[in-house]
DNA sequence: TCCGGCGCTGACTTTCGAGTCAACGAGGGG
DNA sequence: CCCCTCGTTGACTCGAAAGTCAGCGCCGGA
C-alpha cells in the first residue's frame, strides 16, 4: 500500500530527526553540563530550529530524561547480563568491569554524561538518579547474594556493601578517566584498569607473602611497626 | 581599648550572622539540591531578609562555594591526616573509612551535600569538583605509592587505580546510606561498613579455603565449574 | 502549473529568580 | 533627648531561558 509505505517512510524520517536531536542533546550535555545545556544550544548543534525541539519532545525535562534513559538503559542491560550470567563470581566481576571500561573506550562522551552529569546532578529532582542507583546496586547485590549462597564470597561480607564497593570502584575509576585525572594513554592504563579492578576486588590490595621479604599473617597482630621514610 | 573591644564584638556578631546564613544554606542545599536552592529560601531558613544575604556574601556563587569549601575542607584534612600518618597501610585505610562513616553519623546532611550535590555552578562548579577529586585522589594515590615502596602493596597494582577504587568504594557506600538504599539501622550496618570496607579492600571478596568445602587456589584455573541453582 | 497540508521556523511571551537600592529604625554617642 | 550611623529590609529591576504560535515554504498530488 502506498499510504502505508509513505507513512512508514515518514515515520522513519521522524525517528531520524528525533535521533539527531537526541544525539545533539548528548553532545551539548556532555560539553556544557546540566546547567549549560540550553535548548537553543541543542537546536543549533542539531542544525534545526529552536521550535522543532518542542515538536519532537514535550519539554526540556523529557528530552534530558530520554538522553539519560537511552544511555543508562544500554549500560544497565549489559551490567545485568554480566551479573545474572551463570558463571563464577570472578568472571562476572570481570565482565562488569569490562562493560564499564569498554563503554568508555567506545563512547567517552556518553559515559561522561552518565557518570558526571546524571550520577551527580538532580535532573528530575532526585527520583531518577535514585532509581538508577537502586537498580544497579540491586542487581549487583543479588549477584553477591547468590555468590554467597554458593560459597564464592568470603564469610562476613554483606552483599549490599559489596555491591556499593564494586560499583563505586567502577564509577570512580571512570570518573578519573573522564576528568582526565587518570590518563587512558598512560601505558594502557585503561586496559590495565579492568584487570586490576577484578583482581583487587577479589584478592585485595594487601601484599602477599611472596611480594616482600616478610611473611604476612592475615590473622596476625594488626599493628606492625613500619619504618618512616 | 573601647574602640577595639566594640569592633571586636561587632566582628563577632558579623561572624555569627555569616555562620547562621551559611548553616541555612547547607540546610536548604541538602534539602532541595542545587536547583531548588534559592537565595530566598536560604534567607527564610536563616530568618533574615533577602537582601541581607548579599550583605554578607558577594553572590550565590560565593555562598555555595563557601558551603562546599567548608565541608570539603574539613573532610579533606581528616582524610589527609589518615593517609599521611606513619602507620601500616591497613590502619590508614581503616582510618579513611572511619573518617567517612563517622562524618555521616555526625552530619548526614553535610555529607549529603558533599556526596550528592557537590557544589555545581555554571562557571566554577566543574573546576571545583575536578579540583576536589584531584585532591583526594592525589593524596590517596601518594599513600599507595608509599605503601608500594614499602612492600605493603600487592605487586602489579597501580596506585592511582587503587586510589580511585578505595575512594569510589567509600563514596558509593555513603551514597547508598544517604539515598536510603542502605539502611544504617539495619543491624548496625553503618558500623559494619567501615570494617568490611577495610577488610574487603585489603583481602578481597573471594572465599578463602576455610570458607567452603573446596580448596581454592588463587593461581589455579580461572574457570571453575559452578552448579546452576 | 496550481493547490493544500504539514514539517518547520524563529520572534514573541511568560516565567522566574538573581542581584539592587532607597528607605527604615534600633541604639549608641553627643 | 535628639540625631546619625549602619545593619537591615523587601519591593523592584533586569536578564536569561523555557515554552508558544502564527505563518512560511517545500513537496506531493491533481
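Chains as they are written, first to last, in our numbering: chain A, 991 to 1219; chain B, 991 to 1219.
Glycine residues also receive a C-beta, built at the ideal position from the N, C-alpha and C atoms.
Asked	Found
Contact under 9 Å by Cβ, residue 1154 (chain A) with residue 1155 (chain B)	no
Secondary structure of residue 1028 (chain B), DSSP reduced to three states	coil
Contact list for the stretch 1182-1193 of chain A against chain B, Cβ threshold 8 Å	1182, 1183, 1186, 1187, 1189, 1190, 1191, 1192, 1193
Cβ separation of residue 1127 (chain B) and residue 1166 (chain A), assumed to be a contact under 8 Å, to the nearest whole Å	7 Å
7 Å CB neighbourhood of residue 1066 (chain B) in its chain, flanking five on each side removed	1125, 1126
Rounded C-alpha distance that separates residue 1015 (chain A) from residue 1164 (chain A)	21 Å
Nearest-angstrom Cβ-Cβ length linking residue 1020 (chain B) and residue 1099 (chain B), presumed shorter than 8 Å	4 Å
Nearest residue (CA-CA) to residue 1136 (chain B), options B:1180, B:1095, B:1184, B:1079	B:1079
Spatial distance of residue 1176 (chain A) from residue 1101 (chain B) (CA atoms)	33 Å
Simplified DSSP assignment, three categories, for residue 1013 (chain A)	helix
CB of residue 1196 (chain B) within 9 Å of CB of residue 1143 (chain A), strictly	yes
Straight-line Cα distance separating residue 1068 (chain B) from residue 1049 (chain B)	29 Å
Whole-Å CB distance - residue 1148 (chain A) paired with residue 1186 (chain B), under 8 Å assumed	6 Å
Alpha-carbon to alpha-carbon, residue 1118 (chain A) and residue 1040 (chain A)	26 Å
Of the residues A:1010, A:1062, A:1132, A:1141, the one placed nearest residue 1108 (chain A), counting alpha carbons only	A:1062
For residue 1151 (chain A), the three-state DSSP class (helix, strand or coil)	helix
Pair within 9 Å by beta-carbon distance, residue 1091 (chain A) and residue 1180 (chain A)	yes
Within-9 Å CB hit, residue 984 (chain A) to chain B	Residue coverage of chain A in this structure runs from 991 to 1219, which leaves residue 984 (chain A) outside it and unanswerable.
Simplified DSSP assignment, three categories, for residue 1143 (chain A)	strand
Buried/exposed call for residue 1138 (chain A), threshold 16 Cβ in 10 Å	buried
Proximity test, Cβ basis, 9 Å: residue 1175 (chain B) and chain A	no
Spatial neighbours of residue 1084 (chain B) in its chain, beta-carbon cut-off 6 Å, leaving aside the 5 residues before and after	1188
Cβ-based burial, residue 1075 (chain A) [other Cβ within 10 Å; buried from 16]	exposed
Separation of residue 1047 (chain B) from residue 1005 (chain B), as counted between CA atoms	12 Å
Residue-chain proximity (residue 1157 (chain B), chain A), Cβ-Cβ < 9 Å	yes
Environment of residue 1023 (chain A) [buried if 16+ CB atoms lie within 10 Å]	buried
Members of the stretch 1118-1131 of chain A near chain B, C-beta cut-off 7 Å	1120, 1123, 1124, 1127
Cut-off 8 Å between Cβ atoms - residues of its own chain near residue 1168 (chain A), not counting five sequence neighbours on either side	1094, 1098, 1101, 1102, 1105, 1106
Interface residues of chain A facing residue 1152 (chain B) [CB-CB closer than 9 Å]	1186, 1190, 1195
Nonlocal neighbours in the same chain, by C-beta distance under 7 Å from residue 1134 (chain A), ignoring five residues either side	1143, 1149, 1152, 1153
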